[in-house]
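Q: The structure that follows is given in the form of structure tokens.
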Amino acid sequence: MKYCLSSLIICFCLTVNSQELTFSTQDIAINNLIDGTLLTPNDGDQPKLAIIIAGSGPTDRDGNQNFMQNNSLKKLAESLTNKGIATFRYDKRIVKQIRRNKVDPNIKFDDFVTDASAVVDYFKKDNNYSSVYVIGHSQGSLVGMLAAKDRADGFVSLAGAGQTIDKVITEQISNMDPSLIDATKKAFKSLKEGKTTTDYPPPLAPVFRADVQPFIMNWMQYNPQEVITSLDIPVLIINGTNDLQVSVDEAQLLESASETSEIKIIDNMNHVLFIIKGDQLVNSKSYNESSRKISEELITAVSNFILK
């Protein structure tokens, strides 16, 4: 019995080790603002590379924030690399600034586009990859579109908005509190005209604080439908039916605007790429549940798109 138990332990250890050795890991500094992790399959020469761009807020390379630990982007990267696709994911510049306690008060949406473009350019100069794809999640979808133009060989939008950010936020606020719609539209009208505003009720302060308004003004200049139309590369648009932040309608707007796109709607997938079959509370709690697995259907769709 003792011999059999030892044999089982040895077999288990060998299995774990073989799983760990399917890819190699390397931390890379693209520049003084951007650090990330490169995963490279151990088998095959010149794999395809997927660059993963995180969503809004101070989101790190793994898809996490201080009070939101789900490792969704880390799981995405590892799953794709296990399919034979090299991946690079990076911390947004604001993550590094927060860690250094030196946050730039003048940060703009365009800064994120600059960073993503620098990452794509870095790897395009490297002859180790047969092609470079960009995967943008949430806000990273629009960032990724802009960075992929005239650079990447393909683009994947995950839970990306199809409307300008002012329209997306207005719809979100409408769903939460319809009484705030008029005030929201009035504030956005001022920002569209290039003027900051203090004319908004306190509940809207997280959106219209004075230090946030310049960032929103910069962001809302971009219409995702117009940007995606300019991409002359293969495009895959993915959304989940249980996404609390970005509806399936947004994905359909992107798909209808792009002649080079295909769309994949995944039943019960939420915004952080988990399959959720419970109610809204279960869905919200999952944002901080790193033990969950991301959608297998998502991994299959993205890997098939890149590898075809």
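Numbered per my numbering, the sequence shown spans residues -3 to 304. Even glycine gets a Cβ: it sits at the ideal position worked out from N, Cα and C.
1. Quick one: residues in its chain with C-beta nearer than 7 Å to the C-beta of Ser20, no 5 flanking neighbours on either side, listed in chain order?
2. One question on the structure: do Asp239 and Ala155 come within less than 7 Å of each other, judged by their Cβ atoms?
3. Starting from the Cα of Ser226, find the closest Cα among Leu29, Gly236, Asn235, Glu251 and give me that residue.
4. Give me the residue from Lys79, Ser175, Lys188, Lys185 with the minimum Cα distance to Pro198.
5. Rounded to whole angstroms, what is the Cα-Cα separation between Asp178 and Thr166?
6. Give me the Cα-Cα distance between Asn214 and Lys145, rounded to the nearest whole angstrom.
7. Determine, using beta carbons only, whether Arg85 and Ile48 come nearer to each other than 7 Å.
8. Does the Cβ of Asn28 have 16 or more other Cβ atoms within 10 Å, making it buried, or fewer, making it exposed?
9. Kindly identify the DSSP beta-bridge partner or partners of Val231.
10. Look at Ser68 and Ile290 and say whether their C-beta atoms are less than 7 Å apart.
11. Going by DSSP, what residue range makes up the alpha helix (DSSP H) through Val109?
12. Taking all protein chains shown into account, decide if Val152 is buried (16 or more other Cβ within 10 angstroms of its Cβ) or exposed.
13. Using the C-alpha atoms, what's the distance from Gly136 back to Ala307?
14. By DSSP's criteria, Asp85 is part of a beta bridge. Which residues make up the other side?
15. Let me know the secondary structure DSSP gives Asp178 once reduced to three states.
16. Let me confirm a value: Glu246 is counted as buried when at least 16 other C-beta atoms fall within 10 Å, else exposed. Which label applies?
17. Between the alpha carbons of Asn66 and Glu74, how many angstroms are there, rounded?
18. Should Gln217 and Thr192 be called a contact, given that it needs their Cβ atoms to be closer than 7 Å?
19. List the whole-angstrom C-beta distance separating Ser282 from Val268, where the pair is believed to meet the contact cut-off of C-beta under 8 Å.
A: From the atom records:
1. Thr36, Asn38
2. yes
3. Glu251
4. Ser175
5. 9 Å
6. 19 Å
7. yes
8. exposed
9. Phe151, Ser257
10. yes
11. 105 to 120
12. buried
13. Residue 307 cannot be examined here, being either before or after the span of the chain that is shown, -3 to 304.
14. Per the sequence presented here, residue 85 reads as Arg, with Asp not at that position. Partner(s): Thr33, Ile48.
15. helix
16. buried
17. 14 Å
18. no
19. 7 Å
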